[in-house]
Amino acid sequence: MRTDSGRIAELVSQEQLAESYQLSATCYKGIPLAGHSPCSRALRLQDLAFAVDEKLHMKSRFRRDVCASEVVGTLRRQRRGKYRSSADWWRDSIRVEFKSSKMSWVSGPRHWLAHFSTVKFASQGHPRSAVFDELMLGLYAPFGLYLLQYSGDFGRSRKGVATDHLGHSIVVRGPRNEECPQVALGQMLAKLEQSGCRLLAIVKW
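Residue numbers (the working numbering): -15 to 189.
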């Protein structure tokens, strides 16, 4: 049996993954969309966010571009690839981009986390290069979908020279060693709102 440091690190990593999966599976048991793949869930959450935006702006005109979600055959919709460059929908003349993330437990640092990826902000030196005017975040949690309008630069990180192609990430972390998802969620939302983000709506399960 191997006893080297590499094997020990591998076993620790496997144990942490098992812990993360077990806690998340317990918290999301019976929750809508929990059994969907990340891509499938993202598309359905986008549809839900679009419907909520229509309710919030009933006098506006909405349009979903063909580029926002391709049609494959007649039934299957496909999420835009990371290199495509259009917003998810238009509200009047405003381009709205929606990004969702599942609130997940990370056993290593022992905190809850939401990671919104491939966000195409304007590139440095080109303020008009952003593919959206408003960014809506959908935080998928065991208690519901929390929709926020993102503002500022809280939690934003780059991917080096590939950022212009791959986009930024927005990472929101809960407090360390706080396993209760409800407590962690409250603090994560507070961080976002304190940074200038606005809570638009909550769709409770």
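Beta carbons: idealized from backbone N, C-alpha and C, even for Gly.
For Y125 versus L176, is the C-beta distance shorter than 8 Å?
-> Residue identity differs from the one stated: residue 125 is Ala in this sequence, not Tyr. No; because the gap between Cβ atoms is not below 8 Å, this pair is not in contact.
Which value, in whole angstroms, describes the spacing of the CA atoms of K66 and G151?
-> Any answer about K66 is weak, because its pLDDT of 47 lies below 50 and its placement is not dependable; what the coordinates show is given next. So the two alpha carbons sit approximately 8 Å from each other.
By the 10 Å Cβ neighbour count, where 16 or more other Cβ atoms means buried, how is K188 classified, buried or exposed?
-> exposed
Residues bridged to Y130 (per DSSP) = L123 and I186
Locate the beta strand (DSSP E) running through L173, then write down its first and last residues.
-> First-last for L173: P165 to Q178, but that is the alpha helix (DSSP H), not the beta strand (DSSP E).
Taking A71 as the reference, give the member of V167, R47 and R140 with the closest Cα.
-> R47
R182 versus F82 - alpha carbon distance | 14 Å
Give the straight-line distance between the Cα atoms of H8 and S107, rounded to the nearest whole angstrom.
-> Residue 8 is actually Ser in this sequence, not His. Cα to Cα, S8 sits roughly 35 Å from S107.
Give the DSSP-derived three-state secondary structure of H95 in the structure shown.
-> strand
Bridge partners of V115, per DSSP?
-> BP columns for V115 are empty, so no partner.
Could you check what DSSP says for F34 in three-state terms: helix, strand or coil?
-> helix
C-beta atoms of W96 and M87 nearer than 8 Å | yes
How would you label L29, buried or exposed, when you count the other beta carbons within 10 angstroms and need 16 or more for buried?
-> buried
Whole-number beta carbon distance between G180 and G139, since they are thought to touch under 8 Å = About 12 Å; that fails the 8 Å criterion.
Can you tell me the Cα-Cα spacing of H99 and I186, whole angstroms?
-> 19 Å
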